[in-house]
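Peer 1: First, the structure itself, so that you have it in front of you.
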């Protein structure tokens, strides 16, 4: 098969999502039409991580993140021309659109090009930020309008699906997944002098709520046995002012895995997620996860066996102190987390479901496990 992926934020979790699809379907040709966010990572750097044999790249020069009617019309025109050219060359069996900007412009471009087999995965619904009612309302209307143009909406978690259903949008879901990494990094034994390490990873942006991460860390500033690490970088790095926070800047995936493997707890302060690859990797590395109570995160924690959900700064602090004072529970929870990850979030099983969608099999007939952890 020949699958065309359209992706504007060609970095971070979305790029990893597309890369995972290409790895689980090595027999298919993947053509990736991509934008670039150089302040996060250059497209050249991202491309290096992809398989060489079955992937081709086409630059989407006009694509950009913010809403700008003039620039978006240019991006739509460019994308339409590229898709139409690929269709003429018989290089399109399915088009998979990734993230909200690509989803909106991509569905319009596919409609204009006469391409009907279209799949849209939001990977984090933009109307869930909760910061600005007017922007949230606008994004909801854009999602509704885009859905009316065509294509199948396939969410990456059960809770994200529920949010789209609340909008009256018919959708399905396939859990995100990762390649299990339990043995990828060897954890060094902890000594009595080692600090209790709480880590997170990814873009330092509003969605990830670095201000909340900073507030939680600041509570522990006078306690030398605690340290906090943010593995990543971003526009809101200046929000991380607590003296016990280390910001690594952008690292390659192995370096991030090594840091997570040496930490005690993985924390997410996000306001919303699709289904975080950072959280899933932490589970695969036997780390308990402490996650904010939001869409995407809510699908991961199971009855406190592999971590906890928190609803406030005080709630997170109490749970971190509980972990610190009950070290024996960390290894037990970590093992439960790895077991849950292998059962629910194995990409080699979950992402095969997309292959059936590409073949235009109705979502209700997908065979691979899609069950969400409750």
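In the UniProt record's numbering, the protein residues as written are 1 to 374.
No residue lacks a Cβ here, since even glycine has one placed at the ideal position from N, Cα and C.
(1) Hey, could you find the ends of the alpha helix (DSSP H) residue 24 is sitting in?
(2) How is residue 7 classed by DSSP in three states: helix, strand or coil?
(3) Please classify residue 242: does DSSP put it in a helix, a strand, or coil?
(4) Contact check, residue 174 vs residue 353 under 8 Å by CB: the rounded distance?
(5) Express the C-alpha separation of residue 50 and residue 33 in angstroms, rounding to a whole number.
(6) Less than 8 Å between the C-beta atoms of residue 295 and residue 160, yes or no?
(7) Give the secondary structure of residue 358 by DSSP, where H, G and I count as helix, E and B as strand, and everything else as coil.
(8) Buried or exposed: which applies to residue 24, given that a residue is buried once 16 or more other Cβ atoms fall within 10 Å of its Cβ?
(9) So the alpha helix (DSSP H) residue 159 belongs to, where does it begin and stop?
(10) Among 3, 214 and 15, whose alpha-carbon lies nearest the alpha-carbon of residue 83?
(11) Roughly how many whole angstroms lie between the Cα atoms of residue 269 and residue 230?
(12) Considering only C-alpha positions, which residue in the set 134, 259, 271 and 80 is nearest to residue 109?
(13) Locate the beta strand (DSSP E) running through residue 152, then write down its first and last residues.
(14) When the Cα atoms are used, what is the spatial distance from residue 338 to residue 283?
(15) Leaving aside the five residues before and after residue 287 along the sequence, list all residues of the same chain whose C-beta is less than 7 Å from its C-beta, in chain order.
(16) Whose C-beta lies closer than 6 Å to the C-beta of residue 245 among residues of the same chain, with five residues either side of it excluded?
(17) Only counting the same chain, and skipping five residues up and downstream in sequence, which positions put a Cβ closer than 6 Å to that of residue 355?
(18) Work out the CA separation of residue 303 and residue 71 for me, nearest whole Å.
(19) Please list, in chain order, all residues of the same chain as residue 357 whose beta carbon is under 6 Å from its beta carbon, the five residues on each side excluded.
(20) Using CA coordinates, which residue listed in 27, 196, 177 and 11 is at the minimum distance from residue 349?
(21) Confirm, please, whether the CB-CB distance from residue 344 to residue 124 is below 8 Å.
Peer 2: In this structure, then:
(1) 12-24
(2) strand
(3) coil
(4) 5 Å
(5) 14 Å
(6) yes
(7) helix
(8) buried
(9) 158-166
(10) 3
(11) 11 Å
(12) 80
(13) 152-155
(14) 5 Å
(15) 260, 263, 265, 266, 334 and 337
(16) 217 and 228
(17) 25
(18) 47 Å
(19) 119
(20) 177
(21) no
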